[in-house]
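2 protein chains.
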Amino acid sequence: MENPIIQFISSYIELTPQEIDIVNEQNQIKAFKKGTVLLTEGAYAKECYFILKGCVRSYYLIDGEERTTEFYTENQGINPVSYLTKQPSEYYLACEEDCEVALSSAERSRVLIEKVPKLEALIMQMSSQLLVQNQVSFDSFKNLSPEMRYLKLLETRPDLFNRVPLQHIATYLGITPVSLSRMRKRIKVKR
Amino acid sequence: MENPIIQFISSYIELTPQEIDIVNEQNQIKAFKKGTVLLTEGAYAKECYFILKGCVRSYYLIDGEERTTEFYTENQGINPVSYLTKQPSEYYLACEEDCEVALSSAERSRVLIEKVPKLEALIMQMSSQLLVQNQVSFDSFKNLSPEMRYLKLLETRPDLFNRVPLQHIATYLGITPVSLSRMRKRIKVKR
DNA sequence: GGCAAAAATTAACAAAAGATAATTAATCAG
DNA sequence: CTGATTAATTATCTTTTGTTAATTTTTGCC
Numbered sequence: 199m200e201n202p203i204i205q206f207i208s209s210y211i212e213l214t215p216q217e218i219d220i221v222n223e224q225n226q227i228k229a230f231k232k233g234t235v236l237l238t239e240g241a242y243a244k245e246c247y248f249i250l251k252g253c254v255r256s257y258y259l260i261d262g263e264e265r266t267t268e269f270y271t272e273n274q275g276i277n278p279v280s281y282l283t284k285q286p287s288e289y290y291l292a293c294e295e296d297c298e299v300a301l302s303s304a305e306r307s308r309v310l311i312e313k314v315p316k317l318e319a320l321i322m323q324m325s326s327q328l329l330v331q332n333q334v335s336f337d338s339f340k341n342l343s344p345e346m347r348y349l350k351l352l353e354t355r356p357d358l359f360n361r362v363p364l365q366h367i368a369t370y371l372g373i374t375p376v377s378l379s380r381m382r383k384r385i386k387v388k389r
Numbered sequence: 199m200e201n202p203i204i205q206f207i208s209s210y211i212e213l214t215p216q217e218i219d220i221v222n223e224q225n226q227i228k229a230f231k232k233g234t235v236l237l238t239e240g241a242y243a244k245e246c247y248f249i250l251k252g253c254v255r256s257y258y259l260i261d262g263e264e265r266t267t268e269f270y271t272e273n274q275g276i277n278p279v280s281y282l283t284k285q286p287s288e289y290y291l292a293c294e295e296d297c298e299v300a301l302s303s304a305e306r307s308r309v310l311i312e313k314v315p316k317l318e319a320l321i322m323q324m325s326s327q328l329l330v331q332n333q334v335s336f337d338s339f340k341n342l343s344p345e346m347r348y349l350k351l352l353e354t355r356p357d358l359f360n361r362v363p364l365q366h367i368a369t370y371l372g373i374t375p376v377s378l379s380r381m382r383k384r385i386k387v388k389r
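As you go down the protein sequences, you meet chains A and B in turn.
Take any residue in the first sequence, note its place counting from 1, add 198, and you have its number in my numbering.
Take any residue in the second sequence, note its place counting from 1, add 198, and you have its number in my numbering.
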């Protein structure tokens, strides 16, 4: 059975057996226990991630409160802003479940692209795709009410509700946990 | 006096006179009157833009209401989602002022990169920068209240308030024009 | 299994936003 | 300059969210 990264790459471009070996060589996989903090506010992100298994949450700490901005799950990549800008991170990354994560660094990405040049096109494509996704998400967030955001999340990522505490989903939706709880009750009564 | 695109590129990488000529050749500049719609919902964006002068607004039409998602002004690039995905656009692009805009297309970008390969690195860098900006904007939007978003916009882009109607700023901030008007009054009274 | 900690819900009240309608102000074309 | 159109404000009322605190439920650990 092939590893998930090769599977992922192969769904975009064809890799020769030699190239698969190279990718696997450059590949570092680590396991993290639930609760592990991968990145802290103020720290410099030295690595980017690709989730093989589990769930990682990004959040800001504002007035002592955690404000969730994203949940990353299987087959999602994390390019911390701090990793891209080389500035101290403004947010945290923490494992919400036991995780298996593939790690890469600027240095290792460089080597990998050097050895398998056609990966560069894929990376550019993914980067553009990431931008699109982010933009679409932002637009959708702005265009929807909290209640519609909640209902949409229920449809698009129902698994999240069994994987992370509701309070984190609340701040992800841009509301307080109390408000989410109230909203859920309201919705139940409606039908 | 050099044209703004050359100036812009030169602030990142060094261009030889020959390269400047090539860039200028591939460069198409158009003027649009205020009110011109550059992209319509359902249409396929064939071009991307770089604003030399003026202001372009992106907005969705939802239940007959315009919901502004971005204001693009001088030295900002516009990569419509539709341009990147080759899918019909979900939003509109319209000139809020008389504009001067540099246009590019997939074909022309390809030729340009072929002739000036070092531009590819710049484009990748800008793409990554765009992703960062978008992510930071989204996070900030989610972490701030409408009032704080308004105050922040006043600080970071005060020019907008003299360039576009408040109603569009309102939907950009994620609230209704009526609510913005009320908020402005509230803030005045406070001090 | 039972205890402690964390999470979720509920209640009550204040603050802000949405909706609708009416009024005032500003803009623009002839 | 003026009338017409568009934008902005104000008022009123409803709905939703924020805040704080108390209570119930769930989770995790020994």
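All C-beta atoms in this analysis are idealised placements derived from N, C-alpha and C, irrespective of residue type, glycine included.
When the Cα atoms are used, E294/B and A243/A turn out to be separated by approximately 40 Å. Of all residues in the segment 259 to 274 of chain A, only I260, R265, T267 come within less than 7 Å of chain B when Cβ atoms are compared, listed by chain position. In the DSSP annotation of this structure, the continuous segment of the beta strand (DSSP E) that includes R255/B starts and ends at 254 to 260. Look at the segment 330 to 359 of chain A: the residues with a C-beta under 9 Å from a C-beta of chain B are V330, N332, Q333, V334, S335, F336, D337, F339, K340, N341. Less than 8 Å separates the beta-carbon of N277/B from that of C246/B. By the Cβ rule, the segment 302 to 319 of chain B does not count as touching the segment 263 to 274 of chain B, because fewer than three pairs are nearer than 8 Å. Of the candidates F339/A, S209/A, R347/A, S209/A places its Cα closest to the Cα of M324/A.
Contact of M322/B with chain A by beta-carbon distance below 7 Å involves M322.
Runs of the beta strand (DSSP E) lying entirely within the segment 265 to 341 of chain B and spanning at least 3 residues, in chain order: 290 to 293, 297 to 303.
Taking the C-beta atoms as reference points, T267/A is found no nearer than 8 Å to Y281/A.
Chain B has no Cβ within less than 8 Å of the Cβ of L364/A. Residues of chain A with a Cβ closer than 8 Å to the Cβ of G372/B are, in chain order, K340. For the set T369/B, K284/B, I203/B, the Cα lying nearest the Cα of E223/B is the one of I203/B. Taking 8 Å as the cut-off between beta carbons, none of the residues of the segment 305 to 318 of chain B comes near chain A.
For V279/B, the closest Cβ of chain A is nearer than 8 Å. One alpha carbon belongs to R361/A, the other to K228/B, and they sit about 51 Å apart. Its Cα nearest to that of I260/A, the residue T369/A stands out among T369/A, K386/A, I385/A, T283/A. Of the candidates N201/B, M381/B, S287/B, L236/B, N201/B places its Cα closest to the Cα of N225/B. DSSP lists A292/A as the beta-bridge partner residues of V235/A. Annotation: Cβ neighbours of L282/B in chain A (cutoff 7 Å, chain order): S326, V330. Counting C-beta pairs closer than 8 Å gives three or more between the segment 327 to 347 of chain A and the segment 327 to 338 of chain B, which meets the contact rule. Going by DSSP, A368/B is part of the alpha helix (DSSP H) stretching over 364 to 370.
Sixteen is the threshold: since fewer than 16 other Cβ atoms of the shown chains lie within 10 Å of the Cβ of K284/B, the residue is exposed. With a cutoff of 8 Å on beta-carbon distance, C253/A and F230/A are scored as not near each other.
Selection E353/A, L378/A, T354/A evaluated against P363/A yields L378/A as nearest (Cα-Cα). Residue pairing for F248/B: DSSP places it in a beta bridge opposite G275/B, A300/B. Beta-bridge annotation (DSSP): F230/B is paired with C297/B. Shortest Cα-Cα distance from V221/B to any of P356/B, H366/B, Q365/B, L317/B involves L317/B. The shortest CA-to-CA distance from E217/B to any of M346/B, G240/B, E353/B, I311/B is the one to I311/B.
For Y210/A, there is no enclosing alpha helix (DSSP H), since its DSSP letter is neither H nor E.
Spatial neighbours of T374/B in its own chain (CB-CB distance under 8 Å, excluding positions within 5 residues in sequence) are listed in chain order as A368. T234/B is a Cβ neighbour of A292/B, given a cutoff of 8 Å.
Looking only at Q205/B, D219/B, K386/B, the smallest Cα-Cα distance to E345/B is reached by K386/B.
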